[in-house]
Amino acid sequence: MNQRQGGRGGWGRTALAIAVGLGATYGAALAATASVSAEPPAAAGVELAEAVIPPSSAGSGALPAFAAEPMAAHADPVASYTLRATLDPTLHQVRGEGTIVWRNASHIPQREIWLHLYLNAFKNEKTNYMRQRARGFRGGGALADYGWIRVSKLFARELDSELWDKADRHTPGDPDDETDIRVPLPRAIEPGETLTLDVAFVSDLPSVTLRTGFAESFHMVAQWFPKLAKIEPDGRWAHFPFYRFSEFYADYGNYDVTIDAPEGFVIGATGRLDKETAKGGRIERRFLQEDVHDFAFTAWDHFREVTATTADGVALRCLYPPGFDRVATIELDAVRFGLEHFGAAYGKYPYGTVTIVHPPRGAGEAGGMEYPTLITTGGAWWTPETGARAIEGVTLHELGHQWFYGLVATNEHAFPFLDEGLNTYAEGESMEARWPGNSALRLPGGFGVALPSAYRVAAAEVEHNDAVAQSAARFASGSDYGSLVYSRTATILNTLAGVYGPDRVREAIGRYTRRYRFRHPGPEELLGILRDTLGPDAELAARQAIFERGWVDYSVAEISSNRMEPLGGLFGDPQSPSAAPVLDTYGYRGRVLVRRRGTLVFPVDIDLVMEDGSTKRVRWEGKGVTHEVDYEGERRLVGAIIDPEHRVLLDDDLLNNAQNERGGGVGSRVLERGMFGAELLLWLLAP
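Taken in order, the sequence shown gives residues -31 to -1, 1 to 656; the numbers are from mature numbering (1 follows the signal peptide of the UniProt record, and there is no 0).
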């Protein structure tokens, strides 16, 4: 899910103030972060074709392939669904029936199963989800129509027993919520044993809210069927109610879903279309997909459609509202680029299709979301005219989820940063590979704003508020959730890339996604990869930043520089006629004192600035709370800059990174700072 689809949250600091902080580390820092940079010459003056990304575009080929890293070809199917869904677009209901085949993949006999009935989150004003509506982020608008799911049959063939009449009626400990339901079994299902469940249900869609629902005749049908919670190897069920900030977690399986809808409705769905059958003014479409853990579909009688095929044979399909032809072209080309770029970075995309859905006006809550082989985007038709790359960003973000949500399938409820945070890093990295220096915003005159700089702005607002690594249910507000999970995680990884090298961080994340494809990794698996690839210091810094609200603030505390006095005394043999005092001065002697506040440790460079503008660079490993740099030279020392290339994006206060000998900032840079502040403000205001 894309944070910006739901608003950027209440950042207390103004973008201008933090932008000035970004600019305060002297011109080199601005250039290094590409916060203000020139448009690549090849893109100058391009209109519609500017967004068209040909195969083998810049950036993707440079990423390592990690061919030696083992990567699973298929998932181990645990929960597979064969369903028939009949859509009534007038009542906005789906009647469903079919079978669920579940295998006890744990090491423990099971006397119960758990079902998620997430549409019940929208049943009334007292559900767990509705009680949290004032907490911001997405889904805050009033519901014009409520929604629900009602199960009428859950028959276990192997047990010859109807289970639904014995199921709990509400979420444990919450009599007002019906989204997390325990179903007891008449006998234990042994490890490896299979249970076949015949199911029937009715899903009543709400008006569009938080990923699902209807707006007039448009339907986004998500979280629409009784879905088994994930069984962990130790026998625990990873079950939870529907929370505002929580997304999903499930076992892999194979999906065979037939969708019955009226003629005239265009259908987009997870998987590949197997066949179509027309009968009685309706069309049945059968979709198949293996190795996935969810299924969603959309239906609308006003969709326009454009298709393409990648060089690797992946069928691309974009469904969009009338008048959005240019937007559809941008989205298709972004997906074409993203499949190549992400495939090289994180492992080849294993499915045969990608369906892009751009919801119509009034259905924005359905946008900015990911499902296996199907993503939803969003934005106005005129968005490309603003210079903001919001369309490209949301498309690449949701496509990136095919890896971080889809192919590694972490527990999005327990640790949302493993999905949203890593994917936000991947979005920024891919956007910068395609549009270096102006990946968030391009302006007339060839200036732009880099997406990682925008992440840094958002992360700086909340860095001390709470830990990144926590359950979605624990975040106090939508702004904390969005800025910590998305922006701060990305900023942590971008800092590691700045300090240890972007190629090494790409290698670490690439090994992580390959090694744990289809395996549901947790935080320790990610940290282990960082340790093995970047070293123990990097792993420790990442752990502290993610789990312990780790922070750092580098500053230049003192500078002194004085002309050396004539050296006194006699040199040589005092009886020799040549013995005389040294009257010439050598030059200048100086001292720079730098400090590190906080708990994080990163090595940093320090630039010593001489009066003629020349610099001398020294290295500090960052350990300890202070460090002294002694200087001797022919030119006067007038200033110092710590981390001049601004590699440590987690640095708490950039205003103190540079100082001159009089205690002020090095150089005015007023114009550059003001320009960057204005650009960030424009980005924040962009759709």
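Note that CB positions come from ideal geometry on N, CA and C, so glycine has one too. These numbers come from a predicted model, not from an experiment.
| Item | Value |
| --- | --- |
| From the DSSP output, in three-state form, read off K318 for me. | It is worth fixing the name first, because residue 318 is Tyr in this sequence and not Lys. Y318 falls in the coil class under three-state DSSP. |
| Taking C-beta to C-beta, are D270 and S186 nearer than 7 Å? | yes |
| Taking I602 as part of the beta strand (DSSP E), name the residues at either end of that continuous run. | Here residue 602 is Gly; the residue named in the question, Ile, does not match the sequence. T595 to G602 is the extent of the beta strand (DSSP E) around G602. |
| Report, in whole angstroms, the separation of the C-beta atoms of T68 and V168, which I expect to be a contact under 8 Å. | 7 Å |
| Assign D388 to buried or exposed, taking buried as 16 or more other Cβ atoms, counted over all protein chains shown, within 10 Å of its Cβ. | buried |
| Mapping the DSSP letters down to three states, classify N73 as helix, strand or coil. | coil |
| Could you say which of T393, E162, W133 and T352 lies nearest to V70 if we only look at CA atoms? | E162 |
| Which of the three DSSP states is assigned to N531 in this structure? | strand |
| If you run the structure through DSSP and keep just helix, strand and coil, what is residue 662? | Residue 662 falls outside the range modelled here, since the chain spans only -31 to 656, and no answer is possible. |
| Alpha carbon to alpha carbon, how far is D220 from R486? Give it in angstroms, no decimals. | 13 Å |
| Residues in the same chain with beta-carbon distance under 6 Å from P656, minus the five sequence neighbours each way, listed in chain order, please. | In this prediction, P656 has a pLDDT of 39, which is less than 50 and means its spatial position is unreliable; what the coordinates show is noted afterwards. So the list reads G348, A349, T352 and A359, once near-sequence residues are dropped. |
| Closest by CA to A207, which one among W133, L128 and W83? | W83 |
| By how many angstroms is the C-alpha of M338 removed from the C-alpha of N(-30)? | 7 Å |
| Go ahead and pull the three-state DSSP assignment for M(-31). | coil |
| Taking three-plus beta-carbon pairs below 8 Å as touching, is the segment 134 to 145 in contact with the segment 196 to 207? | no |
| What is the residue span of the alpha helix (DSSP H) that S446 lies within? | Taken as a continuous stretch (DSSP letters only), S446 belongs to no alpha helix (DSSP H), as it is neither H nor E. |
| Determine the extent of the alpha helix (DSSP H) in which A477 is found, giving its start and end residues. | P471 to R484 |
| Within 10 angstroms of the Cβ of H370, are there 16 or more other Cβ atoms? Answer buried if so, exposed if not. | buried |
| At what residues does the beta strand (DSSP E) containing D167 begin and finish? | T163 to D173 |
| How big is the Cα-Cα spacing for V160 and H76? | A quick correction: the sequence has Pro, not Val, at residue 160. Approximately 5 Å, taken between the alpha carbons. |
| CA-CA distance, T324 and V426? | 32 Å |
| Output needed for G204: all residues of its chain with C-beta closer than 6 Å, excluding positions within five of it in sequence on either side, in chain order. | S75 and I77 |
| Any idea which residues DSSP pairs V563 with across the strands? | V525 and H596 |
| If we count the other Cβ atoms within 10 Å of its Cβ and call it buried at 16 or more, is K95 buried or exposed? | exposed |
| Which partner residues of H188 appear in the DSSP bridge assignment? | F183 and A268 |
| Express the C-alpha separation of P290 and R254 in angstroms, rounding to a whole number. | 22 Å |
| Buried or exposed, going by whether 16 or more other CB atoms sit within 10 Å of the CB of P58? | buried |
| So, helix, strand or coil for residue 659, using DSSP? | In the structure as shown, the chain starts at -31 and stops at 656, and residue 659 therefore has no counterpart that could be examined. |
| By the DSSP assignment, the alpha helix (DSSP H) with M99 in it spans what residues? | N97 to R100 |
| Since V326 and T267 are thought to touch, with beta carbons under 8 Å apart, how far apart are those beta carbons, to the nearest angstrom? | 5 Å |
| Can you look up D501 in the DSSP assignment and give me helix, strand or coil? | helix |
| Taking the beta carbon of L60 as the centre, do at least 16 other beta carbons fall within 10 Å, making it buried, or is it exposed? | exposed |
| From A157 to F214, what distance separates their C-alpha atoms? | 34 Å |
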